[in-house]
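Chemist: Dumping the structure here so I can ask a few things about it.
Protein chains: 2
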Amino acid sequence: MINDLILTDMKTIDVEGGSVLRVLRSNSNEFKGFGEAYFSTVKYKITRGWKCHKKMTLNIVVPMGSIRFVVYDGRNSSSTFWNFQEFILSRSNYNRLTIPPGVWVGFQGVGVEDNILLNIANIPHDDNEVDHVPLEEFDYNWNI
Amino acid sequence: MINDLILTDMKTIDVEGGSVLRVLRSNSNEFKGFGEAYFSTVKYKITRGWKCHKKMTLNIVVPMGSIRFVVYDGRNSSSTFWNFQEFILSRSNYNRLTIPPGVWVGFQGVGVEDNILLNIANIPHDDNEVDHVPLEEFDYNWNI
Chain E
7 MINDLILTDM KTIDVEGGSV LRVLRSNSNE FKGFGEAYFS TVKYKITRGW KCHKKMTLNI
67 VVPMGSIRFV VYDGRNSSST FWNFQEFILS RSNYNRLTIP PGVWVGFQGV GVEDNILLNI
127 ANIPHDDNEV DHVPLEEFDY NWNI
Chain X
7 MINDLILTDM KTIDVEGGSV LRVLRSNSNE FKGFGEAYFS TVKYKITRGW KCHKKMTLNI
67 VVPMGSIRFV VYDGRNSSST FWNFQEFILS RSNYNRLTIP PGVWVGFQGV GVEDNILLNI
127 ANIPHDDNEV DHVPLEEFDY NWNI
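Heads up: the protein sequence lines correspond to chains E and X, in order. Number 150 marks the last residue of the first sequence (the numbering used here); no jumps. Number 150 marks the last residue of the second sequence (the numbering used here); no jumps.
This is the structure:
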């Protein structure tokens with residue numbers, strides 16, 4: 007596992023005619039403050055990346071569809087520097103992925119219908135604290 | 007409009023192969039702190055209610071499907087005491103509904119597929135700060 011990356015199996019609770027899916031609580035270890043929450047949707051086989059936040063910790067869940075995340079450790083101080091790791095999040099594999107600053111992330115729509123992620127970030131969006139490079143920059147095979 | 011109830015038209019941004027849907031920022035007027043985030047799913051024609059929080063402010067969006075919310079002002083200090091108000095939230099009508107403490111809320115699945123709400127609450131779940139009454143308690147016609 008890439009250092010400081012955390013995958014947490016989240017509780018889902020059946021209720022009448024539906025369910026409740028927990029996302030994050032303020033007393034969780036992975037809660038680093040609240041700056042902003044947003045959804046991203048991504049269509050089947052569409053890949054977006056790479057981005058790397060300098061300050062933001064991301065807490066990501068996928069309540070709908072299925073999304074593949076690939077993270078790449080860009081921190082030269084880290085013992086997992088240069089490592090890739092892959093996760094597929096969905097409602098049926100309902101986990102929360104906590105991504106620390108300094109780690110590159112890309113993602114791809116896996117479900118043929120709607121794929122939606124929610125990110126609860128510890129700081130609001132700020133163009134100055136995020137780096138972007140094209141997908142081709144890191145040698146990873148995204149083919150489904 | 008029921009007092010202190012706030013409906014905010016939220017920005018959605020088209021990106022390559024998908025979109026970004028804003029939910030809440032820490033500098034929004036409607037942000038009252040972060041206690042917990044969770045999803046609730048509700049099937050077509052299923053109605054859940056009523057509940058009333060004593061302390062919690064709810065910030066609700068619907069990123070998938072369509073959900074009907076009915077709120078009932080139970081605060082006898084409010085000039086809109088005894089009033090009902092109805093909202094339908096969905097991705098195509100992408101608004102955030104802010105519900106203050108002291109207001110009863112019920113909701114119903116309107117979409118025939120998956121209907122999902124996200125609530126970002128200012129305090130974590132606490133059974134002691136929420137009241138429940140059966141749907142029949144308030145005279146409202148939920149028929150679709």
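Cβ coordinates follow ideal geometry from the N, Cα and C atoms, glycine included.
Around the C-beta of E:His138, are 16 or more other C-beta atoms found within 10 angstroms, so that it is buried, or is it exposed?
Modeler: Exposed.
Chemist: Under a three-way DSSP split, which group does X:Asp120 fall into?
Modeler: Here X:Asp120 sits in coil by DSSP.
Chemist: For X:Ile12, I'd like the list of residues in its chain whose CB is within less than 7 Å of its CB, leaving aside the five on either flank, ordered along the chain.
Modeler: Glu36 and Thr104
Chemist: DSSP on E:Glu22, reduced to helix/strand/coil?
Modeler: coil
Chemist: Check the DSSP bridge columns for X:Asp137 and list the partner residues they point to.
Modeler: X:Cys58
Chemist: Checking 8 Å against the spacing of the C-beta atoms, do X:Lys60 and X:Glu142 come in under that value?
Modeler: no
Chemist: Applying a beta-carbon distance threshold of less than 8 Å, which residues of chain X neighbour E:Glu36?
Modeler: Those do not exist, as E:Glu36 stays about 12 Å from chain X at its closest Cβ, beyond 8 Å.
Chemist: Can you tell me where the beta strand (DSSP E) holding E:Tyr78 begins and where it ends?
Modeler: Ser72 to Asp79
Chemist: Go to E:Asn101, then tell me how far its beta strand (DSSP E) extends in each direction, as first and last residue.
Modeler: Asn101 to Ile105
Chemist: Chain X partners of E:Ser25, CB-CB under 7 Å?
Modeler: Thr47
Chemist: Cα separation between E:Met62 and E:Ala127?
Modeler: 6 Å
Chemist: Give the single residue among E:Asp145, E:Asn147, E:Pro140 and E:His131 whose Cα lies nearest to the Cα of X:Asn33.
Modeler: E:His131
Chemist: Contact criterion: CB-CB distance below 8 Å. Does X:Ile73 meet it with respect to chain E?
Modeler: Nearest CB-CB separation between X:Ile73 and chain E: not below the 8 Å threshold.
Chemist: Starting from X:Glu42, trace the beta strand (DSSP E) in both directions and tell me its first and last residue.
Modeler: Glu42 to Val48
Chemist: Return the chain-ordered list of same chain residues with a C-beta closer than 7 Å to the C-beta of X:Thr86, the five sequence neighbours on each side being excluded.
Modeler: Ile8, Asn9 and Asp79
Chemist: Report yes if the C-beta of X:Ile126 is less than 7 Å from at least one heavy atom of the ligand NAD; otherwise report no.
Modeler: By its list of ligands, the structure shown contains no ligand whatsoever, and the ligand NAD lies outside what it can speak to.
Chemist: Do the stretch 63-76 of chain X and the stretch 84-101 of chain X meet, that is, are 3 or more Cβ pairs less than 8 Å apart?
Modeler: yes
Chemist: Can you pull out the residues from the stretch 117-131 of chain E whose beta carbon lies closer than 7 Å to at least one beta carbon of chain X?
Modeler: Asp120, Ile122, Leu124, Ile126 and Pro130
Chemist: Locate the beta strand (DSSP E) running through E:Trp110, then write down its first and last residues.
Modeler: Val109 to Gly115
Chemist: Which chain E residues are close to X:Ile12, counting only those with a beta carbon under 7 Å from its beta carbon?
Modeler: Within chain E, no residue comes near X:Ile12; the closest Cβ sits about 17 Å away, beyond 7 Å.
Chemist: Under 8 Å Cβ to Cβ from X:Ile232, same chain only, skipping five residues before and after it: list those, please.
Modeler: Residue numbering for chain X in the displayed model covers 7 to 150; residue 232 of chain X lies beyond these limits and cannot be assessed.
Chemist: Looking at the unbroken beta strand (DSSP E) that takes in E:Ser96, where does it start and where does it end?
Modeler: Phe90 to Ser96
Chemist: How about E:Trp148 and E:Trp110: do their beta carbons lie closer than 8 Å?
Modeler: Between E:Trp148 and E:Trp110, the CB-CB gap reaches or exceeds 8 Å.
Chemist: If we ignore side chains and look at the alpha-carbon of each, how far apart do X:Lys51 and E:Asn89 end up?
Modeler: Spanning the two alpha carbons is a distance of roughly 48 Å.
Chemist: At the 8 Å Cβ level, is X:Phe113 part of the contact set with chain E, yes or no?
Modeler: no
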